[in-house]
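Remarks on the structure that follows.
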Amino acid sequence: MAINQHLYTILGVPPDASPEEIKRAYRLGAQRFHPDANPHPGAAIQFREIASAYETLSNSARRAEYDRQRRSIADRRPYFTVHVTPSRRVVTLLDEPQVLYLLTEVAPGRPETKPREVVVNLTLIIDRSTSMKGARLDQVKAAAHHIIDNLNEADIISIVSFSDRAEVVVKATPVGRSERLTLKALVSTMQANGGTEIFKGLDQGFREIKKYLNKQHVNHMVLLTDGQTYGDEEACFALAEKSTQLGVAISGLGIGQDWNDVFLDKLTSRTGGTSTYIDSPKVVRKFLEEHVRNLSQAYAERVQFSVAPDADVILESAFKITPSPMPLPLDVQPIPIGALEYNRPVSVLLQFQLPRLTRDGARPMARLDVTGDIMAADLEDYKAINDVAIEVAANPPAESPPPSILNALGKLTLYRMQEKAQEAIARGDVAEATQKLNNLATRLLAGGQEELAAAARTEAMRVSQTHALSDEGSKMLKYGTRALLLPPPEEPAQQG
Amino acid sequence: MIICPHCQAENIEGTIFCEQCGKSLLAESGASAVSTQRLDKPTDDLGAKATWGTARFDEHATIVMHIHEAPYPIELKPAQETILGRVDSASGARPHIDLTPHGALQKGVSRIHAAIRRGDDTLTLVDLGSVNGTYLNGQRLVPNQPRVLRDGDEVRLGSLISHIYFK
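Heads up: the protein sequence lines correspond to chains G and E, in order.
With positions in the first sequence counted from 1, the corresponding number in the working numbering is that position plus 1.
With positions in the second sequence counted from 1, the corresponding number in the working numbering is that position plus 1230.
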C-alpha cells in the first residue's frame, strides 16, 4: 500500500514546518471546515482529511516514520495538477454579495508517461422495448458488433438487454477467451418486445460488471434507451450511488425524442458518466465507438472533485466544460467527474457567491480537492489540492475577465437560458419562458448558430400557443447549446 | 448591483453575462467586433405619422423598402423570418438584409436588429433586443413583441428611417 503523499499539502504547511506551525495550520483548517462552522458537505470531507493528517504529523514518532517513507519516493513530480483561473484577481470591497467564477483545469502532470492500453471492463445495457423495433435495435446491434470486433483481447465485455424484464445476452467475459463470432451471434438474437423498466436492466448489468471489477480497469456501463421508465427512478439513483462507490461509471445514450433527459442526466452525472442525445439511429455506432475508444485513453480514472467553499461563501453551480460538457450535481460530494484522458484536460466552471466583504487584503474562499486512480502508475487515490485565496481591495484595478472564462461562460449562458425557459414552463410562467426563448434565439443568431436559433424561435412560438415545448425542440436546444461548449473538431492529422 | 444596459435587468455584482437577456455586461471594447454605438440624442422626436394601409399580405406579395436618402429601394419576397441588421464578420452575425451600405453603423443599427415575420396573410415586425430600438410609425417597440406591419408604414431602426410598401 502506497503511503498518502499529501499530508503536508492537506494541512497547507511546508515539509519542514515546526510542531507549532502544524498545530496552527490544524486550528485554522478546523475553523474553516469543521462541520459545526461550515455546513457544506465538501467542508466535512476536508475536515476529515485535515484531522487525519494532523493525527500523523502531530506525533513526532509517526511524523518521522512518515517523512522517511516520503523521502524514499524518488520522483515527486505531481501526477496531475489543478490549475485555477478566477474571473477577477482582485475583488471589490463591497457591502453587497458578488459573483466570482473559477475555471478549474485538471491536467495530467506527467503526460510523457507512455500511454498504455488500459483494460476496459464494459457492460452494454440495451433497451429492447417494442419502440426499439426496426432501425433503432438494428443500429444498436451493429454498434455492439463493432465494439466486440474492436475491443482488445484483455478487455471484458458483457451485454444485458431489458424491456419489462432483463436478460443477460453476453455473460461478462474477457474478449480473448471467447470466439468473437459467437458473441456477435448472441447479440443478433435480441428481439424488440415489451415495456421499458430501466432499473431491471441496470441491476442486471451491475451484476455482470461486478464479476470482473478491478481498480486497474476502467469499469463502465453504457445504457442505451429510447423510452421513459416509471416508478423505479429512485431505485436507479440508489444503484448509481452504489456503482460510484465501487468505481463503476454509468453513461447514457438516449435515442429519439421520447426518453427522459432529466432522469438520464441525473443518473449519469452522479457516477462520472456522460449522457448523450442521438436524434438518428444512424449515428449510434459513431457515438458508441468514440465513447469506448475514449475509455481506453484514461490517464486517471474515478476522478473525483470535491469543492469546499469557506463558510460564508456559496457554491452556486458547477459545470463540466471538457471533455464532455454537462452540469455537475451540487448535492453530491465529492463530485465524480469520470476519467482524465492523456490529451484532454478536465475543466470545470464553478460559480460562487461571495458574501458582503468588510476587510481588504487576502482571504481564503474555497478549497478544491481532486483525487483519482493513476492508470499508468497503478496508484490509487492520488490527490491534488488547490486552496484558492482572493484579494479584496477598495478600488481594484480595472481588469477584463480572462478569455478562457469569457469564452466558456458566453456559451454556458446560452445553455442556462434554455434551462431557465424550461424552469419557467414548469412553473407555468409562459410569458417568461417565451421571453427567454426569444432572447436565446437572438443570442444564437448573433453567434451565427442559425439552425439552433430557428429552433428556439419555433419553440418560443409553440410555448406561447400551447404552453409547452416539443420533446424534439427541447432536446435539440438542451444538447445543442451544450455542444457549443465543445472545442471545434481538430484538423485531421497530416500524413507523412 | 449591475443594471443590464440592454434589457435593464438587475444582475448581482461580478456577473459577466446578463441573466435575463444573455448579453455581455462588460463595457464593449470594440477590439474585435464593431459594436453598436448608443445614440446620444433621443430619437423619439423624429416625428412620424401613423398610416392606415392594408395589413393584408398574401403569399405572392413582395415588400418594397424605401430607405431614406438611399438611391434605390430594396425589394424582397419575405421568407418566414427576415432579419434586418448589419453584417459583422467578427461576431459572425448574418442578417438577411445588411444595412451597412446605408450607414447602418453611424445610424445605430444593431448587428441583429429587427425581423419581419410572415403570419397568415400578414406580416409582423419585431425588435430583437436592439441597442437603439425599433420604431413603427414613431412608436418604440417592446423587444420580442411582434406588431402587425401595414402598407406604407414607417419603420425606423435606430435613426435609419425607411418606408415599407406592399406590392
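Just so you know, even glycine gets a beta-carbon here, dropped at the ideal spot from N, CA and C.
Given the structure is predicted, the values throughout are model-derived calculations rather than measurements.
Taking 8 Å as the threshold (beta carbon to beta carbon), is residue i in contact with chain E?
i: Glu-97(G); result: yes
i: Pro-402(G); result: yes
i: Val-314(G); result: no
i: Ala-447(G); result: yes
i: Gln-498(G); result: Absent from the model: residue 498(G). The displayed extent of chain G is 2 to 497, so no value can be given.
i: Gly-411(G); result: yes
i: Leu-358(G); result: no
i: Met-133(G); result: no
i: Thr-443(G); result: yes
i: Met-477(G); result: no
i: Asn-440(G); result: yes
i: Leu-351(G); result: no
i: Met-376(G); result: no
i: Ser-88(G); result: yes
Would residue i and residue j be called neighbours here (beta carbons separated by less than 8 Å)?
i: Lys-142(G); j: Met-191(G); result: yes
i: Ile-322(G); j: Ala-385(G); result: no
i: Asp-311(G); j: Arg-33(G); result: yes
i: Leu-1353(E); j: Thr-1364(E); result: no
i: Leu-289(G); j: Leu-254(G); result: yes
i: Ser-1389(E); j: Gly-1338(E); result: yes
i: Val-349(G); j: Phe-306(G); result: yes
i: Ile-157(G); j: Ala-145(G); result: no
i: Val-171(G); j: Val-347(G); result: no
i: Ala-250(G); j: Gly-373(G); result: no
i: Thr-1303(E); j: Ile-1346(E); result: Note that residue 1303(E) is Pro in the sequence shown here, rather than Thr. Contact flag unset, no.
i: Arg-1286(E); j: Asp-1350(E); result: no
In the DSSP output, which residue or residues are listed as bridge partners for residue i?
i: Pro-365(G); result: Ala-390(G)
i: Leu-350(G); result: Leu-104(G) and Phe-320(G)
i: Asp-17(G); result: The partner list for Asp-17(G) (beta bridge, DSSP) is empty, contrary to what the question assumes.
i: Val-263(G); result: Answer is none; Val-263(G) lacks a bridge partner.
i: Thr-1354(E); result: Arg-1347(E) and Val-1378(E)
i: Asp-128(G); result: Phe-163(G)
i: Pro-337(G); result: Gln-305(G)
i: Thr-82(G); result: Ala-108(G)
i: Arg-1370(E); result: Tyr-1365(E)
Return no unless some Cβ of chain B is closer than 8 Å to the Cβ of residue i.
i: Met-366(G); result: No chain B is present in this structure, whose protein chains are G and E.
Work out the CA separation of residue j and residue i for me, nearest whole Å.
i: Gln-217(G); j: Glu-381(G); result: 9 Å
i: Gly-1277(E); j: Glu-473(G); result: Per-residue confidence for Gly-1277(E) stands at a pLDDT of 45, beneath the threshold of 50, marking its modelled position as unreliable; no derived number is given.
i: Phe-1247(E); j: Leu-351(G); result: 15 Å
i: Leu-1379(E); j: Pro-404(G); result: 42 Å
i: Tyr-27(G); j: Ala-44(G); result: 14 Å
i: Asp-280(G); j: Gln-258(G); result: 7 Å
i: Thr-1245(E); j: Val-100(G); result: 6 Å
i: Glu-420(G); j: His-1296(E); result: 41 Å
i: Gly-228(G); j: Thr-197(G); result: 6 Å
i: Ile-506(G); j: Asn-261(G); result: Nothing in the structure corresponds to residue 506(G), since chain G is present only between 2 and 497.
i: Ser-270(G); j: Asp-150(G); result: 29 Å
i: Arg-1348(E); j: Gly-1368(E); result: 22 Å
i: Leu-1335(E); j: Ser-276(G); result: 44 Å
i: Phe-353(G); j: Glu-317(G); result: 5 Å
i: Leu-296(G); j: Glu-154(G); result: 15 Å
Beta-carbon of residue i versus every beta-carbon of chain G: anything under 8 Å?
i: Gly-1244(E); result: yes
i: Glu-1311(E); result: yes
i: Gly-1260(E); result: Caution applies to Gly-1260(E), whose pLDDT of 38 falls short of 50 and renders its modelled position unreliable; the model cannot decide the point.
i: Arg-1377(E); result: no
i: Leu-1358(E); result: yes
i: Asn-1374(E); result: yes
i: Arg-1370(E); result: no
i: Cys-1234(E); result: no
i: Ile-1407(E); result: Nothing in the structure corresponds to residue 1407(E), since chain E is present only between 1231 and 1397.
i: Arg-1316(E); result: no
i: Ala-1323(E); result: yes
i: Ile-1342(E); result: yes
i: Gly-1382(E); result: no
i: Gly-1333(E); result: no
On the premise that residue j lies in contact with residue i, defined as a C-beta separation below 8 Å, what is that separation, rounded to the nearest angstrom?
i: Ala-1(G); j: Ile-1342(E); result: This structure gives no information on residue 1(G), because the portion of chain G shown stretches from 2 to 497.
i: Leu-203(G); j: Leu-247(G); result: At roughly 13 Å, the Cβ-Cβ gap does not stay under 8 Å, so Leu-203(G) and Leu-247(G) are not in contact.
i: Thr-1292(E); j: Glu-1305(E); result: 6 Å
i: Pro-282(G); j: Ile-315(G); result: Actually they are not in contact, since the Cβ atoms of Pro-282(G) and Ile-315(G) sit about 43 Å apart, beyond 8 Å.
i: Ala-367(G); j: Val-389(G); result: 5 Å
i: Ile-11(G); j: Glu-50(G); result: 5 Å
i: Leu-441(G); j: Leu-415(G); result: 6 Å
i: Ser-1340(E); j: Val-1361(E); result: 5 Å
i: Phe-48(G); j: Ala-31(G); result: 7 Å
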